[in-house]
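**Student:**
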Amino acid sequence: MCEMIEVRIRFLSALADAAGVSEARLRVRRGVKLKDLVHEIEVKFPGVMRARRRIPVTVLVNGTARSPLFEVDCDAEVALMPPASGG
Amino acid sequence: MPLGRIVREEIDLSKESAEMLTPGAGGALVVFVGFVKGVVDGKEVKELEYSSYDPYASEKLKEIAQEESRGEKVLDVRIYHRVGRLKPGDPTVYILVSAVNRGIAFSTAQRVLERIKREVPIFKLEKREDGEYWVMGQTRIRRTEVSGELSKQI
Numbered sequence: 072m073c074e075m076i077e078v079r080i081r082f083l084s085a086l087a088d089a090a091g092v093s094e095a096r097l098r099v100r101r102g103v104k105l106k107d108l109v110h111e112i113e114v115k116f117p118g119v120m121r122a123r124r125r126i127p128v129t130v131l132v133n134g135t136a137r138s139p140l141f142e143v144d145c146d147a148e149v150a151l152m153p154p155a156s157g158g
Numbered sequence: 186m187p188l189g190r191i192v193r194e195e196i197d198l199s200k201e202s203a204e205m206l207t208p209g210a211g212g213a214l215v216v217f218v219g220f221v222k223g224v225v226d227g228k229e230v231k232e233l234e235y236s237s238y239d240p241y242a243s244e245k246l247k248e249i250a251q252e253e254s255r256g257e258k259v260l261d262v263r264i265y266h267r268v269g270r271l272k273p274g275d276p277t278v279y280i281l282v283s284a285v286n287r288g289i290a291f292s293t294a295q296r297v298l299e300r301i302k303r304e305v306p307i308f309k310l311e312k313r314e315d316g317e318y319w320v321m322g323q324t325r326i327r328r329t330e331v332s333g334e335l336s337k338q339i
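Chains as they are written, first to last, in this note's numbering: chain U, 72 to 158; chain X, 186 to 339.
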């Protein structure tokens with residue numbers, strides 16, 4: 072099995088403004104913990120790190136909110152989401 | 186049959202309502218339609234730009250419709266939420282609930298609306314005469330304050 076995986080990152084709503092892009096791809100170690108992946112995202116996109124100080128962000132993996140200790144596997148799509156505002 | 190999904194166009198409420206009527210079983214059909222407001226905080230609203238995280242937004246709307254339709258004395262629930270650029274007066278969200286009585290229908294429709302606001306990955310950019318604001322839950326952040334974060338990177 073591969074050791075490195077490519078993860079699709081989605082920046083939703085205001086976080087796309089902060090990142091400057093709506094999506095990106097990152098190569099990371101398979102099984103990387105979500106908190107470490109988010110740290111890598113923040114290093115690559117410092118605007119996201121600054122925005123997170125003001126905006127509560129939920130991290131989704133394939134559409135489901137996961138804990139910081141969740142291990143990211145192949146075919147993962149990780150989305151950074153601000154509070155919803157439907158209605 | 187409970188339904189829920191993201192839509193771009195307006196919904197034919199007559200058709201939806203007719204499909205949800207259950208002669209002899211239901212005593213009430215509540216139809217809630219949300220519209221784009223023309224004024225917020227005393228400022229004119231030019232446009233609301235709704236976006237969603239798909240396919241999860243549609244999946245969540247369907248899940249809410251299915252869960253709420255299992256409530257006691259609830260017969261059917263349908264939820265449609267629009268995305269795209271909408272003008273004041275345009276419909277944004279449709280919630281239809283048929284139930285055995287009006288109390289159940291009203292309370293279920295209200296609960297569905299609150300769940301949509303909290304649980305479904307739908308986002309709103311409010312374009313007003315005084316600027317653009319990201320709406321996040323109960324708060325608004327001026328768009329330039331967020332994209333200003335970007336300018337600090339460059």
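Backbone N, C-alpha and C define an ideal beta-carbon position, used for all residues, glycine too.
Being a predicted model, the structure only gives us computed values, none of them experimental.
Over the uninterrupted alpha helix (DSSP H) stretch that includes X/R300, give me the two end residues.
**Tutor:** One-based indexing of the second sequence puts residue 300 of chain X at position 115. Taken as a continuous stretch (DSSP letters only), the alpha helix (DSSP H) holding X/R300 covers R287 to E304.
**Student:** Excluding sequence positions up to five away, which residues of its chain have a Cβ less than 7 Å from the Cβ of X/V224?
**Tutor:** The residue given as residue 224 of chain X occupies position 39 in the second sequence. Cβ neighbours of X/V224 beyond the five flanking positions: V230.
**Student:** Could you tell me whether the Cβ of X/F291 comes closer than 8 Å to any Cβ of chain U?
**Tutor:** Within the second sequence, the letter at position 106 stands for residue 291 of chain X. No - not a single Cβ of chain U is within 8 Å of the one on X/F291.
**Student:** Leaving out five residues before and five after X/R190 in sequence, what residues of the same chain have Cβ atoms less than 7 Å from its Cβ?
**Tutor:** Within the second sequence, numbered from 1, the residue matching residue 190 of chain X stands at position 5. Taken in chain order, the residues that qualify are S243, L246, K247 and Y265.
**Student:** Can you name, in chain order, every residue of its own chain whose Cβ lies under 6 Å from the Cβ of U/I76, other than the five neighbours on each side?
**Tutor:** Counted from its first residue, the first sequence places residue 76 of chain U at position 5. Hits under 6 Å: R101 and C145.
**Student:** If distances are taken between C-alpha atoms only, which option among X/V262, X/Y241, X/K258 and X/E257 comes closest to X/Q251?
**Tutor:** Here residue 251 of chain X refers to the residue found at position 66 when the second sequence is read from its first residue. When each option's Cα is compared against that of X/Q251, the closest is X/V262.
**Student:** Can you have a look at X/S358 and say buried or exposed, based on whether 16 or more other CB atoms are within 10 angstroms of its CB?
**Tutor:** In the structure displayed, chain X extends from 186 to 339; residue 358 of chain X sits before or after that span and is not available.
**Student:** Closer than 8 Å, CB to CB, is X/V331 near chain U or not?
**Tutor:** Here residue 331 of chain X is taken as the residue at index 146 of the second sequence, counted from 1. It does: the Cβ of X/V331 has a partner Cβ on chain U nearer than 8 Å.
**Student:** Here's a check: name, in chain order, each residue in its chain whose Cβ is nearer than 6 Å to the Cβ of X/E253, leaving out the five neighbours to either side.
**Tutor:** Translated into the one-based positions of the second sequence, residue 253 of chain X becomes position 68. V262, T293 and V297.
**Student:** I'd like the span of the beta strand (DSSP E) that includes X/L310, first residue to last.
**Tutor:** For this step, residue 310 of chain X is matched to residue 125 along the second sequence. Run containing X/L310: I307 to R313, per the beta strand (DSSP E) assignment.
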